[in-house]
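K.L.:
Protein chains: 2
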Amino acid sequence: MKSSLIEQRKQGRVLIFSKLRKSGQLARIDIAKETGLSPATVTTITAEMMADGLIEEVDRPTPNGEVRRGRPRVELKLRPSSCVVAGIKLSEGVISSMIVDLEGNTLGSLVRPFDAASFEAEELAVTLNALLQDLAETAEQKVEDLAGVGIGVPGIVNKEEGFVHWSPLLKKRNVSLLTTLTDHLPIPVFVDNDTNLVALAELWFGYGRTLDDFIVVTIEHGVGMGIVIDGQVYRGAQGRGAEFGHTKIIPDGALCRCGQRGCLEAYIADYALLREASIVLPDLPGASVEQRLDKLYEIATDGNHDAQSIFARAGKLFSLGLANLINIFDPKLIILSGEQMRLDYLSSPEFKEEVQRNIIHVDAPVPEIVVHRWGDLMWAKGAAAFALNECMNASL
Amino acid sequence: MKSSLIEQRKQGRVLIFSKLRKSGQLARIDIAKETGLSPATVTTITAEMMADGLIEEVDRPTPNGEVRRGRPRVELKLRPSSCVVAGIKLSEGVISSMIVDLEGNTLGSLVRPFDAASFEAEELAVTLNALLQDLAETAEQKVEDLAGVGIGVPGIVNKEEGFVHWSPLLKKRNVSLLTTLTDHLPIPVFVDNDTNLVALAELWFGYGRTLDDFIVVTIEHGVGMGIVIDGQVYRGAQGRGAEFGHTKIIPDGALCRCGQRGCLEAYIADYALLREASIVLPDLPGASVEQRLDKLYEIATDGNHDAQSIFARAGKLFSLGLANLINIFDPKLIILSGEQMRLDYLSSPEFKEEVQRNIIHVDAPVPEIVVHRWGDLMWAKGAAAFALNECMNASL
DNA sequence: GCCTTTAATTCGACAAATGAATTTAAAACG
DNA sequence: CGTTTTAAATTCATTTGTCGAATTAAAGGC
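The structure is reproduced here in structure tokens:
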């Protein structure tokens, strides 16, 4: 049995791996129960995986104080150091990067300005190579010891081919970024659209860790979305990110960055909020977009009516967009994921009520909406999760 | 290997079955190539399936005139009579039903008025039992010879349990329809929400036959949608139909049947069009909704400006909704499926242009939008496809 | 110390996919 | 017209891998 669509043993390994990943640790017996595999098979496969250094036995046998008779169960867990990867997120102003192990422990990180002058692929490769060296140093790792590096790029990216149809960061269209980077970097490279990274970050290390189906939405410079169906990131036909932010909520509405009108993004992204603010509060202090936005939020919470009205409207329209998403997908869980404090505002009870008012009601429970506030390295961690995903997929 | 998540042989059978279903007919060699199974395995499995009467060899070996050397390939195909099922679609005014074989050949059909006075489950069971007898007669089949019957019910239905949380057709909420029907009908019963039926109809017998991912949208009394991902109908967390029709396209817009405002359905469903017409064209002739709508369409094509404006607006808003769907899903294909002539109007070049104007553009091709006009038995055929799906799933 | 209990492992049986070799059925060739 | 060539299908021995049953391991109870 060398080549077939049906590789039985690999199926078992993947099954056990993902159960362990989701549960943290499990005894062989529990693995058998949860996977439906026989104890005999579990013994065989786990022995194999231990020999590969992928998993290890846990020393303290009973985590809870429970006293049991009989032979004590030996809990197994993933061996974090068996797969250490780097994640790099490219944005207009900065590159953020991170080294992470299989458990999601951050071994090191590095954020660097990135003069956005659109790059050639070759230049980018050189920049990233240098970055990777320095990043590895912060984590006291050798670059060659990394299992791979995941790179999140804004724009239209085909993951399978690592082909960038278009990105705001690159001079040219239709660049086979994967090829160039693979040539210049000493470890396996994976390239994907950045919107998928948040979904992966949640799937590997966040609220989605124990779930197989959920939707992640981020609001930052734009509005991003990631869809996880059946434990897999759904990438659509063209492999481009799900463009939830360019969903139209008002026909012929406000002008969006994309040139179209009425996009959700044109009402709730940071530039959209500041656009409104520029009319009524023309002299908001602050050098950067973030700073001015923080200020806007501050005076809103301090009671400024104009500022409040801006957030109120954004919240209302966002709730509409979210309700549409729910009406279409009927997900169990929606994760609002990001680092910005505005999410705080959006998670108010009124906001959730507004969402509920716009979804079709059934007896069944309304999908849960949670806010997950990450540090500023969320995207980089997502890129790392992406690398883990690809590496483990290959090596299991 | 009795109980395990990994049933290897079944996988092979399913793989071969679905390849044959999609291709119509294939020689063993091609099956081997397409599935990645070895020729030896294909021989084994197909022999088994032939013994089961599931497939058969095709007499005319080379369908195309192509002359080949070597031992001639023997094409295989599904044996249509190996699985014959009934499909029943329940609506407010009528029950439509159909008997169909594995190839989608219609063996008989029956449409019957259905006095919508909300039913008890028991009464419904009796009604359906009688219907099934008569239906079988039209197809010259014995009811007992049918492999099963699929039933499409409007409302909120959990397919796995056959549990109807709510339906406009039933007096009570929370009815375990599957249990009652199974007790009263002599063959296996399957119950699902009706929106999923169109997706299944397209997947088994329509434009989706050769595809694994697409979206189907219907416009009739309401707006329905079915999502197929990876060859499976996506049912969401609650198992309720995707409520595309209640997606909001205008904040605080027109009042919808569902009590909310601004739903797509409130602008494009038949009642929505007639609502508009009632203002400017109060005396549209016609006894039924369909007739008045046909008339409206007729005078629109004849040049009546008011009527045209009604359809134009519906078209524009529908295009917006469709664009949103595309932005979220990025499907390869969208099928507009139904029996009504308004679809004709909606498939105009201007309509498609309008959709394109509202989706995010990339170099990649825009998803294809096709219109599939079915006869009035589309839903019943979908219900039959549903039964086939379940039966084959069980018996492979 | 012996019994009981539960987890893990071992081992033989069986299921099923595969590659290599073989058979089959046709066209091409001389 | 028999032989060769070609391609499809099949056969068969081999190998991979799962499973049930029996066995071993490691603890608590008494």
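Respectively, the protein sequence lines represent chains A and B. Just so you know, we're using this note's numbering here: the first sequence kicks off at 1 and counts up by one. Just so you know, we're using this note's numbering here: the second sequence kicks off at 397 and counts up by one. The beta-carbon is built from N, C-alpha and C at its ideal position, and this holds for glycine as well.
With a threshold of 8 Å between beta carbons, is B:K728 in contact with chain A?
P.N.:
Counting from one through the second sequence, the residue named residue 728 of chain B turns up at place 332. Yes, B:K728 counts as interfacial toward chain A.
K.L.:
B:I724 and A:A242 - do their beta-carbons sit closer together than 8 Å?
P.N.:
The residue labelled residue 242 of chain A in the question sits at position 242 within the first sequence. The residue labelled residue 724 of chain B in the question sits at position 328 within the second sequence. Yes, Cβ-Cβ distance for A:A242 and B:I724 is below 8 Å.
K.L.:
From the DSSP output, in three-state form, read off A:M98 for me.
P.N.:
In the first sequence, the residue the question calls residue 98 of chain A occupies position 98. Correct three-state label for A:M98: strand.
K.L.:
Under 9 Å Cβ-Cβ, which residues of chain B neighbour A:L320?
P.N.:
On the first sequence, residue 320 of chain A is found 320 positions in, with the first residue counted as 1. What A:L320 touches in chain B: K644, P647, G658.
K.L.:
Of all the residues that make up the stretch 748 to 776 of chain B, which are near chain A by a beta-carbon distance shorter than 9 Å?
P.N.:
R753, N754, I755, I756, H757, V758, D759, A760, P761, P763
K.L.:
Alpha carbon to alpha carbon, how far is A:A387 from A:K159? Give it in angstroms, no decimals.
P.N.:
Within the first sequence, the letter at position 159 stands for residue 159 of chain A. Within the first sequence, the letter at position 387 stands for residue 387 of chain A. A:A387 has its alpha-carbon roughly 12 Å from the corresponding atom of A:K159.
K.L.:
In the DSSP assignment, what residue or residues form a beta bridge with A:D192?
P.N.:
Start at 1 with the first residue of the first sequence, and residue 192 of chain A comes out as number 192. Bridge partners of A:D192: A:G152.
K.L.:
B:I625 versus chain A: which residues are under 9 Å apart at the beta carbon?
P.N.:
For the purposes of this step, residue 625 of chain B is taken as residue 229 along the second sequence, with counting starting at 1. Simply I229, D230, Y234.
K.L.:
Quick one: does B:C479 have its CB under 8 Å from some CB of chain A?
P.N.:
Stepping through the second sequence from its first residue, residue 479 of chain B is reached at position 83. Put simply, the CB of B:C479 is far from chain A, with every gap to its CB atoms at 8 Å or more.
K.L.:
Taking A:V371 as part of the beta strand (DSSP E), name the residues at either end of that continuous run.
P.N.:
One-based indexing of the first sequence puts residue 371 of chain A at position 371. Residues 368 to 373.
K.L.:
Are the C-beta of A:F329 and some C-beta of chain B separated by less than 8 Å?
P.N.:
One-based indexing of the first sequence puts residue 329 of chain A at position 329. Nearest CB-CB separation between A:F329 and chain B: below the 8 Å threshold.
K.L.:
Would you kindly report the start and end of the unbroken beta strand (DSSP E) that includes B:I730?
P.N.:
Against the second sequence, residue 730 of chain B aligns to sequence position 334. Element bounds for B:I730: 729 to 734.
K.L.:
Establish whether the CB of A:A237 and some CB of chain B are separated by less than 8 Å.
P.N.:
Counting from 1 along the first sequence, the entry for residue 237 of chain A is found at position 237. So yes, A:A237 belongs to the interface.
K.L.:
Establish whether the CB of B:D609 and some CB of chain A are separated by less than 8 Å.
P.N.:
Taking the second sequence and counting its residues from 1, the one referred to as residue 609 of chain B is at position 213. It does; some Cβ of chain A falls within 8 Å.
K.L.:
In chain order, what residues of the same chain have a beta carbon less than 6 Å from the beta carbon of B:A703, not counting five sequence neighbours either side?
P.N.:
Here residue 703 of chain B corresponds to residue number 307 of the second sequence, with the count starting at 1. Once the five neighbours on either side are set aside, the close Cβ partners of B:A703 are L692, I695, A696.
K.L.:
Residue ranges of each beta strand (DSSP E) run of no fewer than 3 residues wholly in the stretch 594 to 636 of chain B, ordered along the chain?
P.N.:
Secondary structure within the stretch 594 to 636 of chain B: the beta strand (DSSP E) runs of 3 or more consecutive residues, fully enclosed, are 610 to 615, 619 to 625 (chain order).
K.L.:
Step through the CB atoms of chain B and report whether any lies within less than 8 Å of the CB of A:N324.
P.N.:
Here the question's residue 324 of chain A lines up with position 324 in the first sequence. Chain B, which has a Cβ nearer than 8 Å to the Cβ of A:N324, makes this yes.
K.L.:
Would B:F640 count as contacting chain A if we go by Cβ distances under 8 Å?
P.N.:
As a working note, residue 640 of chain B is residue 244 in the second sequence. Chain A, which has a Cβ nearer than 8 Å to the Cβ of B:F640, makes this yes.
K.L.:
Against chain B, does A:C391 count as a neighbour if the rule is that its beta carbon must be under 8 Å from one of theirs?
P.N.:
By one-based count along the first sequence, residue 391 of chain A stands at place 391. So, not an interface residue.
K.L.:
Do you know whose CA, among B:D679, B:M774, B:P435, B:S492, lies nearest B:L527's CA?
P.N.:
On the second sequence, position 131 is the one that residue 527 of chain B refers to. Of the candidates B:D679, B:M774, B:P435, B:S492, the one whose C-alpha sits nearest the C-alpha of B:L527 is B:S492.
K.L.:
B:Q404: which of B:V762, B:A447, B:T437, B:D426 sits nearest, CA to CA?
P.N.:
Locating residue 404 of chain B in the second sequence gives position 8, where the first residue counts as 1. Closest option to B:Q404, judged by alpha-carbon separation, among B:V762, B:A447, B:T437, B:D426: B:T437.
K.L.:
Around the C-beta of A:G162, are 16 or more other C-beta atoms found within 10 angstroms, so that it is buried, or is it exposed?
P.N.:
Position 162 of the first sequence, counting from 1, holds the residue named residue 162 of chain A. Its Cβ being crowded by 16 or more others within 10 Å, A:G162 is buried.
K.L.:
Could you please give the first and the last residue of the uninterrupted alpha helix (DSSP H) stretch that includes B:E452?
P.N.:
As a position in the second sequence, residue 452 of chain B is number 56, starting the count at 1. Taken as a continuous stretch (DSSP letters only), B:E452 belongs to no alpha helix (DSSP H), being part of the beta strand (DSSP E) at 451 to 453.
K.L.:
Who are the Cβ neighbours of A:M255 in its own chain at under 7 Å, not counting the five residues just before and after it?
P.N.:
Mapped onto the first sequence, residue 255 of chain A falls at position 255. Looking at the sequence itself, residue 255 of chain A is Leu, so the reference to Met does not match. Result list for A:L255: R261, A266, in chain order.
K.L.:
Could you say if the stretch 767 to 777 of chain B and the stretch 569 to 581 of chain B meet the contact criterion of at least three C-beta pairs nearer than 8 Å?
P.N.:
With the cut-off at 8 Å, the stretch 767 to 777 of chain B and the stretch 569 to 581 of chain B do not touch.
K.L.:
Between B:K418 and B:T606, is the Cβ-Cβ spacing less than 8 Å?
P.N.:
For this step, residue 418 of chain B is matched to residue 22 along the second sequence. For this step, residue 606 of chain B is matched to residue 210 along the second sequence. Cβ distance < 8 Å, so B:K418 and B:T606 count as in contact.
K.L.:
Have a look at A:A125 and A:G152 and give me their C-alpha separation to the nearest angstrom.
P.N.:
The residue labelled residue 125 of chain A in the question sits at position 125 within the first sequence. The residue labelled residue 152 of chain A in the question sits at position 152 within the first sequence. Cα atoms of A:A125 and A:G152: separation of roughly 14 Å, rounded to the nearest angstrom.
K.L.:
What's the gap between the Cα of B:C787 and the Cα of B:I495?
P.N.:
Along the second sequence, one-based indexing puts residue 787 of chain B at 391. Along the second sequence, one-based indexing puts residue 495 of chain B at 99. Taking the straight line from one Cα to the other gives about 14 Å.
K.L.:
Here's the rule I'm using: 16 or more other beta-carbon atoms within 10 Å means buried, otherwise exposed. How should A:K172 be labelled?
P.N.:
Here residue 172 of chain A refers to the residue found at position 172 of the first sequence. With fewer than 16 Cβ atoms within 10 Å of its Cβ, A:K172 is classed as exposed.
K.L.:
Are there three or more Cβ pairs, one per stretch, closer than 8 Å when the stretch 333 to 345 of chain A is compared with the stretch 596 to 613 of chain B?
P.N.:
no
K.L.:
Closest by CA to A:H361, which one among B:R653, B:A595, B:D590, B:P763?
P.N.:
Numbered from its first residue, the first sequence carries residue 361 of chain A at position 361. Nearest option by C-alpha distance: B:R653.
K.L.:
By the three-class DSSP mapping on this structure, what secondary structure does A:V280 have?
P.N.:
Taking the first residue of the first sequence as 1, we reach residue 280 of chain A at position 280. Correct three-state label for A:V280: helix.
K.L.:
Name the DSSP bridge partner or partners of A:L76?
P.N.:
Here residue 76 of chain A refers to the residue found at position 76 when the first sequence is read from its first residue. DSSP, once it has assigned bridges, lists A:L26, A:E57 as partnering A:L76.
K.L.:
Starting from the Cα of A:R313, find the closest Cα among A:A121, A:Q291, A:I250 and give me that residue.
P.N.:
For the purposes of this step, residue 313 of chain A is identified with residue 313 of the first sequence, where counting begins at 1. The shortest Cα separation from A:R313 among A:A121, A:Q291, A:I250 belongs to A:I250.
K.L.:
I need the boundaries of the beta strand (DSSP E) containing A:A86, first residue and last residue.
P.N.:
Taking the first residue of the first sequence as position 1, residue 86 of chain A is located at position 86. Counting along the chain, the beta strand (DSSP E) containing A:A86 begins and ends at 85 to 90.
K.L.:
Once the 5 residues before and after B:K712 are set aside, which same chain residues still bring their CB inside 7 Å of it?
P.N.:
Reading the second sequence from its first residue, position 316 is the one you call residue 712 of chain B. Hits under 7 Å: E750.
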